[in-house]
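If you want it as structure tokens, here you go:
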């Protein structure tokens, strides 16, 4: 049910899911070496509520950042802090770590940071990541880190690829089935990040609405989703760990598809150790994908497979990614 709610949110463009600091810390600790001397851009983050902004302020010196830029997008319908947020969209740039401000409440902390750094820069446009002003800031940045709108994920990633930016972002796992996203994954331009702890992501929502039982916790104000992931093009050690293979191929256990010359492997852990031709695996394979160990051949749509899905003895299977061993 949580997955259906996330898909529903995408379709309705109710994209306001705010990432928790603990989830940010758990992911970004794997990329610390990439940040030294770099300009980081959080282009979907108002500092008054963004834990991405808070994280980089707190870690500014530790990471050795050159600059931190964040932009505030005005949405007249949704706001967490109507009593303190300015009425106009703005950007905020930081080139030095603030002085002992992290113990203050968030509004006071941000106000002091703004004062120390010469104030806000009010934008002529609305702060949307696609605006000309935001694109100019994007050009200056080395690494983009944020939780972009789910409904605009294709367009968001396309922009990052176009401007050749490094990034660590959050998106629906369903995005790997999008033609535009799968193509850049196949080309090794994007891959899955380290992942959320125990596969669970918890987001704040400004306007709680109906969710399935067990998804929204009114006590904490958090929504729990399993069908989300980190996407990145920054390398990290876990990405090069081999999947440990132990099973051997037999035609009985690994039947071929009716409509494509490949064998079916229902779980990534069951990939046979002694099979070197094309195999179909679940999309969850991407969580463990090591490009040194396997090559991605394509998916059903990419390969033009008849009926758009793999079939075995007339039975239609879930979506598959087709891979081949490199060694």
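Numbering (the numbering used here), first residue to last: 30 to 356. Cβ atoms here follow ideal geometry from the backbone N, Cα and C, with glycine treated the same way. From a predicted model like this one, the values you see are computed outputs, not experimental measurements.
4-residue-minimum alpha helix (DSSP H) runs that sit fully inside the stretch 128 to 199, ordered along the chain: Restricted to the stretch 128 to 199, the alpha helix (DSSP H) segments that are unbroken, complete and at least 4 residues in length are 135 to 145, 161 to 169 and 182 to 191, listed in chain order.
- prompt: Buried or exposed: where does residue 185 fall if 16 or more other Cβ atoms within 10 Å of its Cβ makes it buried?
  reply: Taking the chain shown and counting its residues from 1, one reaches residue 185 at position 156. Buried is the call here.
- request: Consult DSSP for residue 75 and reduce its assignment to one of helix, strand or coil.
  value: In the chain shown, residue 75 corresponds to position 46, counting from 1. Residue 75 falls in the coil class under three-state DSSP.
query: Within 10 angstroms of its Cβ, does residue 318 collect 16 or more other Cβ (buried), or is it exposed?
result: Translated into positions along the chain shown, residue 318 becomes position 289. If you draw a 10 Å sphere on the C-beta of residue 318, you find 16 or more other C-beta atoms in it, and that means buried.
field: Neighbourhood of residue 345 by C-beta, 7 Å cutoff - its chain only, sequence neighbours within 5 removed
entry: To locate residue 345, count along the chain shown from 1; it is residue 316. Answer for residue 345: 338, listed in chain order.
task: Please determine, among 224, 164, 347 and 178, the residue with the shortest C-alpha to C-alpha distance to residue 206.
output: As a first step, residue 206 must be located in the chain shown, where it is residue number 177. Selected option, being the one with the closest Cα: 347.
message: Let me confirm a value: residue 48 is counted as buried when at least 16 other C-beta atoms fall within 10 Å, else exposed. Which label applies?
response: Counting from 1 along the chain shown, the entry for residue 48 is found at position 19. Residue 48 sits buried, since 16 or more C-beta atoms from the chains shown fall within 10 Å of its C-beta.
- request: Drop a sphere of 10 angstroms on the beta-carbon of residue 298, count the other beta-carbons inside from all chains shown, and report buried for 16 or more, exposed for fewer.
  value: Translated into positions along the chain shown, residue 298 becomes position 269. Exposed: under 16 other Cβ atoms inside 10 Å.
query: Buried or exposed: which applies to residue 343, given that a residue is buried once 16 or more other Cβ atoms fall within 10 Å of its Cβ?
result: For the purposes of this step, residue 343 is taken as the residue at position 314 of the chain shown. The residue in question, residue 343, is exposed, as its Cβ has fewer than 16 Cβ neighbours within 10 Å.
task: Using alpha carbons as the reference points, say which of 135, 101 and 73 lies closest to residue 87.
output: Here residue 87 refers to the residue found at position 58 of the chain shown. It is 135 whose Cα lies nearest to the Cα of residue 87.
query: Taking the alpha helix (DSSP H) that residue 57 falls in, what are its first and last residues?
result: Taking the first residue of the chain shown as position 1, residue 57 is located at position 28. 50 to 57 is the span of the alpha helix (DSSP H), which, as asked, contains residue 57.
field: Cβ-based neighbour list, residue 27, same chain, cut-off 8 Å, excluding 5 preceding and 5 following
entry: Since the first residue of the chain shown is 30 and the last is 356, residue 27 is not available in this structure.
query: Excluding sequence positions up to five away, which residues of its chain have a Cβ less than 7 Å from the Cβ of residue 286?
result: Taking the first residue of the chain shown as 1, we reach residue 286 at position 257. Cβ neighbours of residue 286 within its own chain (closer than 7 Å, five residues either side excluded): 293, 309, 339, 340 and 341.
query: Going along the chain, which unbroken runs of the beta strand (DSSP E) with 3 or more residues stay wholly within the stretch 251 to 325?
result: Correct list: 251 to 254, 257 to 261 and 308 to 311.
task: Quick one: grab the DSSP three-state call for residue 334.
output: Counted from its first residue, the chain shown places residue 334 at position 305. Residue 334 falls in the coil class under three-state DSSP.
field: DSSP state of residue 340 mapped onto helix, strand, coil
entry: As a first step, residue 340 must be located in the chain shown, where it is residue number 311. Note: residue 340 maps to strand in three-state DSSP.
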